[in-house]
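Our numbering numbers the first residue of the sequence shown as 23 and each following residue consecutively. Note that CB positions come from ideal geometry on N, CA and C, so glycine has one too. Keep in mind the model is a prediction, meaning the values are calculated, not measured. Have a look at the structure below before the remarks.
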Amino acid sequence: MGRSIFSSLAVAVLATVQVVNAQQPGSSTPEIHPELPTWKCTTSGGCVQQNTSVVLDWNYRWIHTATGSTSCTTSSGVDPTLCPNEATCAQNCVIEGATYSSSGISVSGDAMTMKQYVTSNGTTSSASPRVYLLGPDGNYVLMKLLGQELSFDVDLSTLPCGENGALYLSEMDASGGRNPYNTGGANYGSGYCDAQCPVQTWMNGTLNTNHQGFCCNEMDILEANAYANAFTPHPCANGDCDKSGCGYNPYALGYKSYYGPGLTLDTSKPFTIVTQFITNDGTTTGSLSQITRYYVQNGQRVPSASSSGDTIQASACSSASQFGGLAGMGQALGRGMVLVFSIWNDNGGNMNWLDSGSNGPCTSTEGNPANIISQHPDTHVVFSNIRWGDIGSTVKTSSGGGSSSSITTTSTAKTTTTAPSGPTQTHWGQCGGQGWTGPTVCAPPYACQTQNPWYAQCL
Ligand SMILES: *[C@@H]1O[C@H](CO)[C@@H](O)[C@H](O)[C@H]1NC(C)=O
Ligand SMILES: *[C@@H]1O[C@H](CO)[C@@H](O)[C@H](O)[C@H]1NC(C)=O
Ligand SMILES: *[C@@H]1O[C@H](CO)[C@@H](O)[C@H](O)[C@H]1NC(C)=O
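This is the structure we're talking about:
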């Protein structure tokens, strides 16, 4: 579902060649990206730290005259005199580096904290930052997750009804649409798009004089607060997208006591989220046939909400068939998508689509931002320990990771009176793959399914 376009925030910016080359000291603020190390993992080689950082979106920055401090942007777009067209705008205006702390972003080690509100000089205002994962080459990291998995830790214990701590993928241009008028590109957070087809002042790094919407494939890995959560593919085709998406929200599916403070997945404490993009043939080039989600908390695998596992099957996305369905989503994941992090709330809608009515336990009004700022001014989300790579390679639990003997689930500690003839693997556990010496038989009713040459899993 939709995220707001932050229309109330300072709108858009443009970099000149000079500013980005740091030849023109029009920039009062250098752009210094907070370093957020992440890990890329393989089954055979383990996890390798990546020199990644985060960059604040372009639309949050100060764009002003190259020779002065007059803003080139207005509440509704750009100043038509300073920016009648792209080339003139690039001559007249420069874009500033971001001040990350006053934008609600702080990073410590591999953990990033994102705050909805910041207080400056006694005044609390909405920061609602959105940042992207940037590589050491100044381009966005293109995560290729088809046939792979992504895991991270999250603490959303302070997010009340109405807040949305989001981690998702958008199929943005890796360079942010870098061009001669916008040499900063991804280094200045340009090029945002998503499946709601936002109309922005700049589009793919270029002044959007035609007010076009900018659609692209979007895979929502997490949209959540402490009371509700969903993961949702939003494939696109022919200039339009599946805007509502074919998502998985446990509460909406009837598992109402699964997710929340003190519940099976206890949101009052941090936990790990693993999302696997499983293909029909177990390769990284096959057709995306299912998205599987599981959680680890306190070193233990949390039982799934649904007894058959928390998955989105291709059949569940038939509503998105005109946009390519799950397979279309998979093709975008195979090409590579940009990792986006944000925290936001929802003037007008109160985030009811996520956490109220049939979607969650919140009332329809408590998510009003006016309530949140008065009652939860410190609301924030922490994302950390981001890993991606081969299925089964990114997470270790107390009994070992995908390359170890089995994954413990809190639901499988059982006393058997009829001993099986050999060791069996539990639901979700590894049951095969190159070099595997553990059990190869799954406990009923599960079957050993090959995900790739190195990994088979009891599903
Ligand atoms: C990260 O940077 C260090 C220091 O420059 C370098 O030695 C290392 O190879 C880099 N890591 C990757 C994955 O590129
Ligand atoms: C902080 O607020 C005081 C009182 O309103 C004002 O005089 C001062 O200029 C403000 N300082 C900044 C840095 O905005
Ligand atoms: C975005 O800009 C880049 C760089 O100019 C370009 O290669 C790419 O095709 C553009 N993408 C879209 C969707 O316009």
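- Put simply, the stretch 162-181 touches the stretch 238-250. At least three CB pairs are less than 8 Å apart.
- By alpha-carbon distance to residue 406, the top candidate from 57, 52, 51 is 57.
- Boundaries of the beta strand (DSSP E) around residue 255: 251-256.
- For residue 383, same chain residues with a beta-carbon under 6 Å away, outside a window of 5 residues either side, are 249 in chain order.
- Remark: three or more beta-carbon pairs, one from each stretch, lie closer than 8 Å, so the stretch 182-195 and the stretch 214-234 are flagged as touching.
- Here the distance from the Cβ of residue 72 to the nearest heavy atom of ligand 1 is below 6 Å.
- Around the beta carbon of residue 408, 16 or more other beta carbons lie within 10 angstroms, which makes this residue buried.
- Apart from sequence neighbours up to five positions away, the residues of its chain that approach residue 318 with a beta-carbon distance below 8 Å are 293, 294, 296, 324, 417, 419, ordered along the chain.
- Taken in chain order, the unbroken stretches of beta strand (DSSP E) that lie wholly in the stretch 270-341 and span 3 residues or more are 293-301, 310-319, 322-324, 332-335.
- Distances taken from the Cβ of residue 195 to the heavy atoms of ligand 3 include one shorter than 6 Å.
- As computed with DSSP, residue 175 is found in a beta bridge with 294, 406.
- The beta strand (DSSP E) runs of length 3 or more contained entirely in the stretch 64-126 are, from start to end of the chain, 68-72, 75-78, 85-87, 115-117.
- By the Cβ neighbour-count rule, residue 159 is exposed, with fewer than 16 other Cβ atoms within 10 Å of its own.
- Spanning the alpha carbons of residue 399 and residue 392 requires a straight line of approximately 10 Å.
- Between residue 185 and residue 367, the C-beta spacing is below 7 Å.
- For residue 143, the three-state secondary structure derived from DSSP is coil.
- Not one heavy atom of ligand 3 sits closer than 6 Å to the Cβ of residue 114.
- With a beta-carbon spacing of about 6 Å, residue 253 and residue 243 fall inside the 8 Å limit used to define contacts.
- Short of 6 Å from the beta carbon of residue 354, and not among the five residues preceding or following it, lie these beta carbons of its own chain, in chain order: 193, 239.
- Cα atoms of residue 204 and residue 122: separation of roughly 21 Å, rounded to the nearest angstrom.
- C-alpha of residue 388 to C-alpha of residue 369: approximately 12 Å in a straight line.
- Annotated three-state conformation of residue 392 is helix, per DSSP.
- Here the C-alpha atom of residue 209 lies approximately 9 Å from the C-alpha atom of residue 119.
- The Cβ-Cβ distance between residue 162 and residue 196 falls below 7 Å.
- Looking at 413, 363, 76, the one whose alpha-carbon comes closest to that of residue 187 is 363.
- Distances from the alpha-carbon of residue 321 to those of 291, 232, 309, 346 put 291 closest.
- Under DSSP, residue 187 takes part in a beta bridge, and its partners are 246, 365.
- Counting only runs that start and end inside the stretch 197-226, there is no beta strand (DSSP E) element of at least 3 residues.
- Note that the C-beta distance between residue 149 and residue 404 is not below 7 Å.
- Across the structure, residue 347 and residue 200 are spaced so that their CA atoms are roughly 30 Å apart.
- Annotation: the continuous alpha helix (DSSP H) that includes residue 351 extends over 347-357.
- If you check the CB distance, residue 277 and residue 338 do not come in under 7 Å.
- Minimum Cα-Cα distance from residue 261 among the listed residues 345, 356, 231 corresponds to 345.
- Taking 7 Å as the cut-off, the Cβ atoms of residue 138 and residue 401 count as close.
- Across the structure, residue 77 and residue 360 are spaced so that their CA atoms are roughly 12 Å apart.
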